[in-house]
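Chains E and G are the protein sequences, given in the same order.
Sequence positions in the first sequence follow my numbering and run 1 to 283.
Sequence positions in the second sequence follow my numbering and run 1 to 290.
Quick notes on the structure that follows.
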Amino acid sequence: MSGYLEGVLVLLAINVVLAYAAFLPIVAGQLNLGVAGFMATGAYVSAYLTNAHGWLPVPAALAATVLTAALGLVVAFPILRTRGIYLALATFAFGQVVVAIILNLNVVGGASGYPVRAYIGFPVIAVAAVLVFVAIYCLFHTRFGISVTAVSDDELVADQMGLSVRWLQTAAFTIGSAVAGLAGALHAHHFSYIEAQYFNVLLSIYIVLYVLLGGTQTIYGPLLGAAVFTLLPEVLRGSAQWRYVIFAGLILALMTWRPQGVVTRSLLRRLFEWRRPPAEAAT
Amino acid sequence: MLAQQLVNGLMLGSVYALVAVAFTFTMGVLKFLNFSIPGIFMVAGMVTWAMLKGGISLLLAVPAALALGAVLSYAVERLTYPQMRGGDHFIPLVSSMAFLILFENLVLVAWGSDQQRLALPFQSVSARVGDIVIGVPQLIGLVIAVGVVWLLDLVLKRTRVGRGLRSIAEDAETATILGVSVGRVVPVVFLIGGVFTALAGVLFALNYQQASPFMGEEVALKGISAMVLGGMGNIWGAILGGLVIGVVETAAIHWFGARTVDIWVYGLLLAILFVRPTGLLTSSLGSGRA
């Protein structure tokens with residue numbers, strides 16, 4: 001495999017993982033603009049464990065995932081007190097604080113960045129991305145997934161039907177944080193160098209855009225969104241700026257004509273009417 | 001020394017305040033966090049730079065930049081607000097983010113990513129009051145900021161359009177039933193917001209004599225914090241919030257170093273949201289529901 005192709009595929013795999021990190025809270029009705037903050041946490045924890053304590057990269061990445069999940073769980077309680085736009089702002093502020101704290105942690109290089117010695121290659125990243133997708137697929141075919149979908153469809157009704165909306169939202173937020181932490185760890189070990197400034201709010205916004213464009217009604221939306229917006233810039237090579245101009249134009253066009261995102265439940269039903277259950281046909 | 005820090009903070013805060021007013025205005029009336037504001041802020045600054053460089057007089061460049069801000073903001077309205085009705089609540093947010101990406105990259109295509117230096121026709125002057133140094137352009141900026149918000153407040157309280165705006169902020173549906181033409185009032189929100197944002201961008205560029213394609217991001221994020229601090233939809237609160245953020249920022253730089261600024265500013269925002277999940281002050285525009 002050529003180095004270029006591998007580079008694109010690594011980016012694709014990490015973006016898919018990130019898309020699911022943003023997807024989970026969105027499904028539970030939370031716009032998380034702090035995904036980059038959780039990603040940074042995972043990246044720095046994993047990098048620190050391998051650099052300073054000689055851990056192997058894969059166990060370090062897993063430990064980082066668990067630790068980011070713990071962080072997500074802890075901040076979920078105060079953050080989920082807020083609602084709607086206030087919640088988006090709280091997650092945004094949280095992401096900014098995380099990055100600012102890392103910027104001041106000299107033990108991980110502070111503002112000058114942090115070189116990561118342990119390396120994770122493409123195969124492991126690809127496996128991780130597939131595992132995340134499979135995990136999400138399984139999750140959304142359990143009671144939990146159905147309940148979360150119910151909450152996103154109508155929070156009030158879900159609550160009245162006896163679902164614990166608060167618990168579901170906390171769980172979705174925490175799992176999303178964990179997935180973001182994993183993506184950060186993979187990023188750190190593949191690119192061998194991380195700096196706090198990379199994990200800024202624009203990164204969070206891009207990740208959220210992938211998901212919203214792909215569509216939040218089904219688990220295939222984030223996959224498509226991340227794939228299209230990783231591969232599209234490669235197809236449109238040439239000027240980096242024009243790529244983003246086109247990217248922005250596409251978002252505007254989509255929001256005007258297809259505000260639910262590209263992949264919707266009714267689309268899947270129409271495409272795969274002849275098979276049951278309809279969701280399976282797209283895998 | 002302490003007084004000087006306070007003055008510097010207030011000067012910095014006046015720029016945040018104007019941006020915060022633009023944010024809080026659309027937020028208060030339309031419940032819409034308009035992420036295209038940093039883009040318009042930046043375009044106004046960059047266009048001012050480009051026109052000054054092209055030998056156009058400042059007296060012509062500033063109104064042109066403000067007009068451009070209004071036009072861009074109107075374009076944003078046309079492509080976001082009508083889509084909001086009947087759709088998910090995050091659609092305008094996403095579309096406005098797309099506008100930010102669009103504006104930034106169009107400017108990058110036109111002028112590149114370098115930070116540009118503004119060549120001002122006059123020398124930067126500062127006045128001394130006792131031991132305190134006050135930058136005159138900054139002071140003019142602060143006066144303009146407060147003056148313009150005072151004007152906006154008058155418009156909201158005294159005019160027909162203002163009553164329409166306040167009724168929509170309170171309840172868009174009832175306002176429509178009572179005969180307020182929502183379709184005609186909403187563009188006004190964007191036009192005013194666009195002029196405010198552009199004014200902030202121009203003042204920032206002139207004050208700090210610099211402009212870059214990314215100048216809007218940092219300022220807008222601080223502006224959002226100021227908006228929450230002052231209570232969403234509360235225009236005087238936005239001014240207060242902007243000034244507080246400016247003072248907190250300069251104080252943090254003074255005592256803890258420039259790298260810790262974000263911890264204090266966004267930590268403060270986070271703390272406020274944790275303690276009061278709906279912001280600090282209440283809205284002066286409507287009931288403040290988001």
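Glycine included, every Cβ here is placed at the ideal spot set by N, Cα and C.
Query                                                                                                                            : Result
CB-CB length for A61 (chain E) against H189 (chain E), believed under 8 angstroms                                                : 7 angstroms
Neighbouring residues, chain E, relative to R78 (chain G) (Cβ below 8 angstroms)                                                 : Here the premise fails: no neighbours, minimum Cβ distance about 10 angstroms.
Chain-ordered chain G contacts of A249 (chain E) [CB-CB under 9 angstroms]                                                       : The amino acid at residue 249 (chain E) is misidentified as Ala; the sequence shows Gly. Those are A98, L102, listed as they occur along chain G.
Separation of L56 (chain E) from M42 (chain G), as counted between CA atoms                                                      : 45 angstroms
P115 (chain E) (DSSP reduced to helix, strand or coil)                                                                           : strand
Under 7 angstroms between C-beta atoms of Q209 (chain G) and L66 (chain G)                                                       : no
Length of the line joining the Cα atoms of F23 (chain E) and T174 (chain E)                                                      : 12 angstroms
Meets three-Cβ-pair contact criterion under 8 angstroms: the region 255 to 263 of chain G and the region 161 to 180 of chain G   : no
Interface partners of F25 (chain G) on chain E, CB under 7 angstroms                                                             : Ordered by position in chain E, no residue passes the 7 angstroms Cβ test against F25 (chain G), which lies about 15 angstroms from the chain.
Assigned secondary structure, S96 (chain G) (DSSP; H/G/I helix, E/B strand, else coil)                                           : helix
Chain-ordered chain E contacts of F296 (chain G) [CB-CB under 8 angstroms]                                                       : With chain G running from 1 to 290 in the structure shown, residue 296 (chain G) is simply not present.
Anticipated Cβ contact below 8 angstroms, Q4 (chain G) with I132 (chain G), distance rounded                                     : 5 angstroms
Outcome for L121 (chain E) when other beta-carbon atoms lying within 10 angstroms are tallied against a minimum of 16            : It should be noted that the sequence gives Gly, not Leu, for residue 121 (chain E). G121 (chain E) should be labelled exposed.
Close-in-space but distant-in-sequence residues of the same chain around V7 (chain G) (CB under 7 angstroms, 5 per side omitted) : I132, I134
Selection of the region 95 to 117 of chain E by Cβ proximity to chain G, strictly under 9 angstroms                              : G95, Q96, V97, V99, A100, I101, L103, N104, G110, A111
Within 7 angstroms, strictly: CB atoms of L186 (chain E) and I136 (chain E)                                                      : no
Residues within the region 252 to 265 of chain G neighbouring chain E, beta-carbon criterion of under 7 angstroms                : R259, T260, D262, I263
Cβ of A128 (chain E) within 7 angstroms of any chain G Cβ                                                                        : no
CA-to-CA distance, T41 (chain E) to A52 (chain E), given in whole angstroms                                                      : 16 angstroms
Element boundaries [beta strand (DSSP E), containing G135 (chain G)]                                                             : 132 to 135
Cutoff 7 angstroms: N105 (chain G) Cβ touching any chain E Cβ                                                                    : yes
Beta-carbon neighbours of M255 (chain E), restricted to chain G and to distances below 9 angstroms                               : L79, T80, Q83, G87, I91, P92, V94, S95, A98
Listed by chain order, chain E residues near G223 (chain G) by CB distance under 8 angstroms                                     : None at all; the shortest Cβ gap to chain E is about 12 angstroms.
I194 (chain E) - partner residues in DSSP beta bridges                                                                           : E:Y114
Exposure label - S57 (chain G); buried when at least 16 CB within 10 Å                                                           : exposed
The region 99 to 107 of chain G / the region 29 to 44 of chain G touching (three or more Cβ pairs under 8 angstroms)             : yes
Buried versus exposed, by CB contacts within 10 Å (16 or more), W257 (chain E)                                                   : exposed
Every unbroken alpha helix (DSSP H) within the region 35 to 74 of chain E, with a cutoff of 4 residues, ordered by chain         : 35 to 53
Assigned exposure category for N207 (chain G) - 16 Cβ within 10 Å defines buried                                                 : buried
Burial state of W49 (chain G) (16 or more Cβ within 10 Å)                                                                        : buried
Residue-chain proximity (L240 (chain G), chain E), Cβ-Cβ < 7 angstroms                                                           : no
Spatial distance of L271 (chain E) from L203 (chain E) (CA atoms)                                                                : 33 angstroms
CA-to-CA distance, M1 (chain G) to L12 (chain E), given in whole angstroms                                                       : 53 angstroms
Below-7 angstroms beta-carbon distance, V109 (chain G) vs any chain E residue                                                    : yes
Residue-chain proximity (L270 (chain G), chain E), Cβ-Cβ < 7 angstroms                                                           : yes
Nearest candidate by alpha-carbon position, reference I79 (chain E), set E:L67, E:T68, E:A93                                     : E:A93
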